[in-house]
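Novice: So the mapping is simple: this note's numbering equals the position in the sequence shown, first residue as 1, plus 1073.
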Amino acid sequence: MSFLQSIKNSVRSKSIHVSYVNVGSCNGCDIEVLAMLAPRYDIEQYGIYVHNNPREADVLLVTGAFTPQWEDKLKSIWDKIPEPKVAIAIGNCPISGCVFNRRGSYVDPPVAKHIPIAAEVPGCPPRPTEILNAVLSLAPLVFKDYEEKQS
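1) Taking the straight line between their C-alpha atoms, what separation do you get for S1169 and L1134?
2) Throw me the rounded Cβ distance for the A1130 and I1154 pair, which I believe falls under 8 angstroms.
3) Would DSSP call S1149 helix, strand or coil?
4) According to the Cβ coordinates, are G1137 and V1096 closer than 8 angstroms?
5) Let me know the alpha helix (DSSP H) ranges lying completely inside the stretch 1144-1214, each 4 residues or longer, listed in chain order.
6) At the level of alpha carbons, what is the spacing between A1212 and Y1093?
7) My assumption, with CB atoms under 8 angstroms, is that E1144 sits in contact with H1187. Please give the rounded CB distance.
8) For A1111, count neighbouring C-beta atoms within 10 Å of its own C-beta (all shown protein chains included) and say buried if the count is 16 or more, exposed if not.
9) Hey, is the stretch 1103-1117 in contact with the stretch 1197-1217, meaning 3+ C-beta pairs nearer than 8 angstroms?
10) According to DSSP, is V1106 part of a helix, a strand, or is it coil?
11) Can you tell me which residues form a DSSP beta bridge with H1090?
12) Residues in its own chain within less than 7 angstroms of L1209 by CB, not counting five upstream and five downstream?
13) Please name the residue, chosen from P1167, T1140 and H1124, that lies closest to V1194 on a Cα-to-Cα basis.
14) Who are the near neighbours of L1205 in its chain, counting only those whose CB is closer than 8 angstroms to its CB and skipping five residues on each side?
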């Protein structure tokens, strides 16, 4: 890998762009994701920026219990994110369905059956620091030698 490529990968790992999608939940996890934007956690100090447009994202945060109505929509959102990309399941709902996973329900957990999930943050809801740690721990792995892999 050239010197220029290593600098580019290093810079990209310090500037992480996140988009999040709620595939059907109680919004508890969404509140915790939004709490990361508040002054107490201030994720922008770590170089993490939230975008509504998946075309500008590196990391997709998925909250909520997956239902069949989201099958095509979630795959479409995932496909719009440029490489390199990762997805993180936030909360118990995308991991196991949690309280929504009952006999006869339309919940189809886990989300990992539908898109590749790089990390899971369990909890109902998980703390903002746990979500932040997951994003920060994946950033160096996402961009590590990416330019070299493309060659």
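Every residue gets a Cβ at the ideal spot worked out from N, C-alpha and C, and that includes glycine.
Specialist: The relevant details are as follows:
1) The residue given as residue 1169 occupies position 96 in the sequence shown. The residue given as residue 1134 occupies position 61 in the sequence shown. Taking the straight line joining both Cα atoms gives about 16 angstroms.
2) As a working note, residue 1130 is residue 57 in the sequence shown. As a working note, residue 1154 is residue 81 in the sequence shown. A Cβ-Cβ separation of about 5 angstroms places A1130 in contact with I1154 under the 8 angstroms criterion.
3) Locating residue 1149 in the sequence shown gives position 76, where the first residue counts as 1. The three-state reading of DSSP puts S1149 in helix, counting H, G and I together.
4) For the purposes of this step, residue 1137 is taken as the residue at position 64 of the sequence shown. For the purposes of this step, residue 1096 is taken as the residue at position 23 of the sequence shown. Yes, the Cβ-Cβ distance between G1137 and V1096 is below 8 angstroms.
5) Scanning the stretch 1144-1214 for uninterrupted alpha helix (DSSP H) segments of 4 residues or longer gives 1144-1153 and 1165-1169, listed from N- to C-terminal end.
6) Mapped onto the sequence shown, residue 1212 falls at position 139. Mapped onto the sequence shown, residue 1093 falls at position 20. Distance between the alpha carbons of A1212 and Y1093: 16 angstroms.
7) Along the sequence shown, read from residue 1 onward, the residue named residue 1144 stands at position 71. Along the sequence shown, read from residue 1 onward, the residue named residue 1187 stands at position 114. That belief holds up - the Cβ atoms of E1144 and H1187 are roughly 6 angstroms apart, short of 8 angstroms.
8) Numbered from its first residue, the sequence shown carries residue 1111 at position 38. Classification of A1111: exposed, given that the 10 Å Cβ count is below 16.
9) yes
10) Along the sequence shown, read from residue 1 onward, the residue named residue 1106 stands at position 33. Here V1106 sits in helix by DSSP.
11) Taking the first residue of the sequence shown as position 1, residue 1090 is located at position 17. For H1090, which the question treats as bridged, DSSP gives the partners Y1122.
12) In the sequence shown, counting from the first residue as 1, residue 1209 sits at position 136. Within the same chain, L1209 has close Cβ partners Y1119.
13) As a working mapping, residue 1194 is identified with position 121 in the sequence shown. Minimum Cα distance to V1194 is reached at P1167.
14) One-based indexing of the sequence shown puts residue 1205 at position 132. Excluding residues within five positions, the ones whose Cβ falls inside 8 angstroms are M1109, Y1114, I1116, Y1119 and I1121.
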